[in-house]
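Novice: Dropping a structure here in structure tokens format, bear with me for questions.
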Amino acid sequence: MLETVKEAKNQEATAFEPRIVAFFCNWCTYLAADLAGTSRMKYPPNARVIRVMCSGRLDPQFILKAFADGADGVLIGGCHPGDCHYQEGNYKCLRRFHLLKRVVKEMGIEDGRFRLEWISASEGDRLRTVMIDMVEKVRALGPLHWNAPVEEVAVS
Amino acid sequence: MPERNGAVRVGVYVCHCGSNIAGIVDCKEVAEYAAGLIHVVVSRDYKYMCSDPGQDLIRNDIQEHKLNRIVVAACSPHLHEHTFRVATANGGLNPYYMTMVNIREQDSWVHTDRQAATEKASDLVRAAIRRVVLQRPLEKARVPIDPNVLVVGGGIAGIHAALTLANAGKHVYLVEREATIGGHMAMFDKTFPTLDCAACILTPKMSAVKAHPNITLWAYSDVEKVDGYVGNYKVRVRRRTRYIREDLCAGCQECIEACVYKQPKFADEFNQGLGKRRPIYLPFPQAIPQTPVIDRDTCIEFNEPRKIRWLTSLSQGAFSAPRGQCCLSPHFARLWKSGKCKKTCLEACGDRHAIDFKLQDQLEEIKVGTIILATGFQPFDAKRIPYYGYGHYPNVYTSLEIERLVNASGPAAGEVVLRDGKTVPKSIGIIHCVGSRDENTNRWCSRVCCMYSLKLAHLLKEHTGADIFNFYIDMRTPGKSFEEFYQRLLSEGVHFIRGKVAEVTDWVFDPSEEGKLTLRVEDTLLGVVRRIPVDMVVLSVGMEGHQDAQDVRRLFNITCSTEGFFQERHPKLAPVNTFTDGIFLAGCCQGPKDIPDTVAQAGAAAAEALALICAGYVEQEPNCAYVIEEECSGCKTCIPLCPYSAISFREDNRAEVNPVLCKGCGTCVAACPSGSLQQRMFEDDELFEEIEGVLVHA
Amino acid sequence: MPENRGYLYFPGCSLRATGVAYEESLLELFRVLDIPLQELEDWNCCGATSYMAVDEGSAFLLSARNLSIAGQKENHDLMPPCSACYLVLRKTQDYVAHYPEARRIVEEGLKAAELKPFNGVRVRHPLEILYNDVGLARIKAQTVRKWQGGKIACYYGCQAVRPYDEVDRPHDPIRMDELMRAVGAETVDYSLKTKCCGGSLTGTIHDVGVWLNYILLKEAVRKGAEAIVTICPLCQFNLDAYQSEISKEAGKAFDVPILYFTQVLGWALGGDPKALGLHRSIGGRGLVRKWFSVSQEVLAHA
Amino acid sequence: MMQFPRTMKFQREADPQWSEQVLKFPGCERVSSCIQCGTCSGTCPLSIYMDYTPRKVIALIREGFREDALSCRTIWLCASCYSCAVHCPQNIHITDVMYHLKRDAIRHNLFPSRFPIPVLAQEFFKIVKSRGRNSEVLLVLRMALRSNPFILFTMIRSGWQLFRAGRISLKGERIAEVAELNRALSAAREANGA
């Protein structure tokens, strides 16, 4: 199965626009994205942002759901450690992230596709660089042929 | 939950925001696309949705087309969510049947490809429609506001804010880190452009603070802990001991005279280390409170080593022993601290018994509804620029040192002399923008340096009659009667040279430079390099955030720019608000500014606080978690996760969320294995729909 | 700390001509310190400032070849004593790393010459090596001849301390001063320690070059220095070779020894005076003889 | 008869494309951010000899006055001491800018004729290209002959002293792999041209 995936990548790597789902916390990263806007920074339009109050709200199912529905990458944005608006929600998020990273790897999803970034409200430029970098990396990895239902891939 | 999907009628509104959005996103196309989606009854694009006609559009459509869900694609919800909720409510719908799509800050403003941007907008709108279908009607919870206010920082900003609130009959706790209030303004000699003396206009306000029945002043104190939320903050303040009881001390200052140190010996922080003080001292004559302090680091009664607070070491200036330029620093004092003193101060105090070496720090727990941060700035450390020679050449001064030097009650009683203590300078160079507008130090313009440099030029000329050279990159005098002041200086014959000084050096090119400091600079207006020998160099240092700004930020749970200034909620429309409700900013902790602006901002902060207090309550976003009882298995996973211990465990083996304590982070919801915990406004099914919505092409 | 396994030594053209005393004293110093130096084989000229002025690509390539040769050694610490060599090598590393265009050119060039791309080479100036790897403590400990000579002005020049801050602080370098003090010398507060000597200007626009060096000498003397100590062959050459003319210019005779810091250290640590190239000094030969108690015959054969 | 040269600059003399192009070279990116503070000129040891101070050269580049920028003495007086680069509050690598202007000037033959510095640079370039190492004697001779032979007289005295001190090596150093080096160099130049 992997082989076919690789081939497919080589073919499509050219005109391929990755689809990325981004979960941003309301207090840091979402504001950073707004700041990037007000300061007119430019980055690729591949990401679709979904706002949650805190990165701690992120249920692993959300990420799996995003991949299952055809996302080529998932980006989680939260406050820097120690800066969480809710004291420690981002730590909870970090814990789940590490577990989940293993799981998705098992399912054949490369590292670059699933990222957690700490971006504070004042780091508009950082958000920009992360966006650019993420899109580049995922574009390099090619499309994620994973629209197949989760459990199927899981067993293969 | 089918009943909520039944008879759903969605209205979609795509805002052009003039050309801000329409310039990149094809709003018409987005609206047309939305019109074709299921549940959508009305779909329009409009120039300004936030305008009255725009809001009316929503209201009328709700009534006309029996809409029961609204989607507005416009700017960031942080800006206009409230506006459109109100509009929705005006139409007779529950405001939480409205959802916003951010196609400005996070789309049109950050992308250049029209097609891709439009596509993105459509995706987001599609997701919002699928989400709004599931949204529930919600009611905001009301939380009463505690009328007491905490003001942190006793500079002019804190003082003005405190007085304003106190005069409005609210009780204010004013907490100041130093031994006296007054901040930097108390150190200034005169204030630009009117040249009225800083002390004359500040000290009355200082004593007013002391006298005011509604103000509790805690100087020499630090805020240690902040809990709670808007309207109900719980704050712990540590009042560091002065070893003198404020309630018993009459401020006679006889203890100071009586100190075993007959001559003041130690670097005097208030005078930037130019003057000397005793171990027991009052920062300056008009200090408020009028209670002296005993400094552990230098008083021989205490002999254990202590770490020197940053201000002390900073105020040593460049010239602590052994260079012998200035006075002994605490480091050296400690060497002969015996730990056994005659305690002549105690005798002097007599039966007042105000002095007590056994006194301990006091902890105070207070409840306040709102907090105003006015923690101010710290001057740029001139030592960071080696080629200006501060700390190397004795006669290089910082502007703050000069303020003290020209001040009549300063260390030199207004006699402007060089560090040798006698020579009056015949020529003085004032270098602007020291540490400011420089990628290697601070990038920003500190806003006040041009004007205070002009002021110092005037004062120094007045005091010494010396030739004064101002070296500026750009002369910035944008303020009421600032330009006039510049003109006045020009007419006074002060030299103005446009160019950033490249070096302050003692190497001699021409015999006339022997024994002087030479400034090498390109006079960019003449286009030639000049060497100008002077006796005294003044470095107009810029402003930067306190080095502990990040800790303070964490303490109050607000945001802070990488430059170390606290971030306002909106640069134009919410300049004194922070992203944390009930916490406001005043003065230079938010960014460099002069005294008039600081006072104005302090007033604004006070007004914002009053507005909350007078309303009597705040409405809280109804986004707290709740338990679906029949599905809770009682596994207790959620309980330890909650940072506010809002979740309790009932006898009937079910978890319960206390809506007053819950702040709606949703961490517990994400962890619940049975899915019986949910968060209002962010229900699992709503988010699933949104995820599907952005990805699945309809 | 690679002190024990020594360093790759990159002499550079000057140390084989006007700066030969620098090489002699450097080798002697490291012999005394018992630190092996291995000369980079078939090294080529660094291109100095001239190559940059004619063709940047070629300039980078000259260094690239040297770096590439060094990259093949297991010892990756490359030591160019000449400031110009140091900077060009260091700059090449930096720019090749940061500018894709420069990288492309260099890679093309190396490919054409079947040279391996370089990586992991550390370009290090002897001053920084002596300060960090050897350390003041060891210098102090090994000092057998405490400096009895006159006050010293430490002159760092430009390219060793700028724009990179690895050798010392760009604005107010201090390490040479500390090394000198470690062997008992007194250093003066020399405000021109990082002002430029004009480099090749003395050869091209003679008067300008000479004038620059006049300023440097004059200020050092005014500050009470009896000798100037340098870390760069070009600085030493300019200050040393043109003293007679400077004296003419200034109408005031200068006879100041211009030494390499390796000569002072080498002597202090018990190096053989004959091996330190002291006889190659032109200015202040009298003082050199006195301070280094160099016997007549050492100077004689010059 | 007095001369009254006209100093007015006409906008048609400006070449905006050129200035844009300059910004593309390594180290020149930040030229556009110059705030004309003059720190570069103030800290430059040679600015006092320059026809345009470094600050002005930056201004010339930004305004696109190519001729003036390339034909001025300033760029050749720059001794690459990097003082400006480390002092510049806008982190403009002025030294690199000067290098670029030198290259441009040589490419378009815009430097003052018989002006020794560019000659030195070119001769140095040739010598090293042909031998892999520099020979100071050869360099000085060639430079002098091509620019101003009288320079040699200024050197006689110091030259003699140096010779006596054994600091003038007459044996021309050369490397073994000159061919290899040249292959590399020409390849690089190609890559550069391309």
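Chains as they are written, first to last, in the numbering used here: chain A, 24 to 179; chain B, 79 to 776; chain C, 9 to 310; chain D, 19 to 212. Beta carbons are placed, not taken as given, at the ideal position from N, Cα and C, and that holds for glycine. Small disclaimer: the values here were computed from a predicted structure and weren't measured.
1) Near D267 of chain B, what residues of its chain come up, given a Cβ to Cβ distance below 6 Å and the 5 sequence neighbours on each side ignored?
2) Going along chain A in order, which residues have a C-beta closer than 8 Å to the C-beta of F760 of chain B?
3) Alpha carbon to alpha carbon, what distance is there between F270 of chain B and E570 of chain B?
4) Starting from G65 of chain C and walking both ways along the alpha helix (DSSP H), at which residues does that stretch end?
5) Rounded to whole angstroms, what is the Cα-Cα separation between R146 of chain C and G147 of chain A?
6) Determine the direct distance from the alpha carbon of Y94 of chain C to that of S76 of chain C, and round the result to whole angstroms.
7) State the DSSP-derived secondary structure class of V75 of chain D, mapped to helix, strand or coil.
8) Can you find a CB in chain B that lies within less than 7 Å of the CB of I66 of chain D?
9) Starting from the Cα of L220 of chain C, find the closest Cα among C:A235, C:L295 and C:D248 and give me that residue.
10) Got a sec: is the Cβ-Cβ distance from H133 of chain C to anything in chain D below 7 Å?
11) If I measure Cβ to Cβ from R323 of chain B and keep anything under 6 Å in the same chain, skipping five residues before and after, which residues do I get?
12) So that I know if they touch, is there some Cβ in chain B lying closer than 7 Å to that of S199 of chain C?
13) Considering only residues of the same chain and omitting the five flanking positions on each side of D86 of chain D, which have a CB-CB separation below 8 Å?
14) Name the DSSP beta bridge partners of W141 of chain A, please?
15) Kindly identify the DSSP beta-bridge partner or partners of V229 of chain B.
16) In chain order, which continuous runs of the beta strand (DSSP E) of length 3 or greater are located wholly inside the stretch 453-506 of chain B?
17) How is D92 of chain A classed by DSSP in three states: helix, strand or coil?
18) Counting only Cβ-Cβ distances shorter than 7 Å, please list the residues of the stretch 602-615 of chain B near chain D, keeping chain order.
19) Provide the residue span of the alpha helix (DSSP H) that contains R207 of chain D, from first to last.
20) Rank C:K201, C:K203, C:V218 and C:T202 by C-alpha distance to the C-alpha of L209 of chain C and give the top, closest one.
21) Under 8 Å, with one C-beta from each stretch per pair, do the stretch 81-91 of chain C and the stretch 177-197 of chain D reach the 3-pair mark?
22) Classify W522 of chain B as helix, strand or coil using the three-state DSSP reduction.
23) If you reduce the DSSP assignment to three classes, tell me which class I661 of chain B lands in.
24) My output table needs one value for A652 of chain B: the three-state DSSP class, helix, strand or coil.
25) Please state if the CB of R87 of chain B and the CB of K144 of chain B are separated by a distance shorter than 7 Å.
26) Give me the Cα-Cα distance between E227 of chain C and W585 of chain B, rounded to the nearest whole angstrom.
27) If we define contact as Cβ-Cβ less than 7 Å, is A580 of chain B a contact residue for chain D?
28) If the cut-off is 7 Å on Cβ atoms, which residues from the stretch 173-204 of chain C count as contacting chain B, listed in chain order?
29) So for A310 of chain C, helix, strand or coil by DSSP?
30) Can you give the Cα-Cα distance for V731 of chain B and N701 of chain B, rounded to whole angstroms?
31) With distance defined between alpha-carbon atoms, name the residue in B:F766, B:Y704 and B:L719 nearest to P737 of chain B.
32) Quick one: list the residues of chain C neighbouring Y465 of chain B, beta-carbon separation under 8 Å, in chain order.
33) I'd like the span of the beta strand (DSSP E) that includes F22 of chain D, first residue to last.
34) DSSP three-state label for L267 of chain C, please.
35) Would you say C243 of chain C lies against chain D (beta-carbon separation less than 7 Å)?
36) Give the DSSP-derived three-state secondary structure of S391 of chain B in the structure shown.
Specialist: Let's see:
1) E481, V484 and N485
2) Chain A residues near F760 of chain B: V75, M76 and R80.
3) Each residue's alpha carbon lies about 16 Å from the other.
4) E64 to Q80
5) 50 Å
6) 15 Å
7) helix
8) yes
9) Of the listed residues, the one whose Cα sits closest to L220 of chain C is C:D248.
10) In terms of beta-carbon proximity, H133 of chain C stays away from the interface with chain D, with every pair separated by 7 Å or more.
11) A432
12) yes
13) Y70 and L78
14) A:G101
15) B:L252 and B:I450
16) 474-476
17) coil
18) T602, G605 and V607
19) V196 to G211
20) C:V218
21) no
22) Here W522 of chain B sits in coil by DSSP.
23) strand
24) strand
25) yes
26) 6 Å
27) yes
28) Against chain B - using a Cβ distance shorter than 7 Å - the residues of the stretch 173-204 of chain C are H179, D180, S199 and L200.
29) Here A310 of chain C scores only 41 on pLDDT, less than 50, and its place in the model should not be relied on; the value that follows carries that caveat. Looking at A310 of chain C - three-state DSSP - the assignment turns out to be coil, as it is neither helix nor strand.
30) Residue 731 of chain B is actually Asn in this sequence, not Val. Spanning the two alpha carbons is a distance of roughly 24 Å.
31) B:Y704
32) Within chain C, the residues near Y465 of chain B are H179 and D180.
33) Run containing F22 of chain D: none; DSSP gives neither H nor E here.
34) strand
35) no
36) Caution is warranted here: a pLDDT of 43 is assigned to S391 of chain B, below 50, making its placement in the model unreliable, and the coordinate value is therefore given only provisionally. It is helical.
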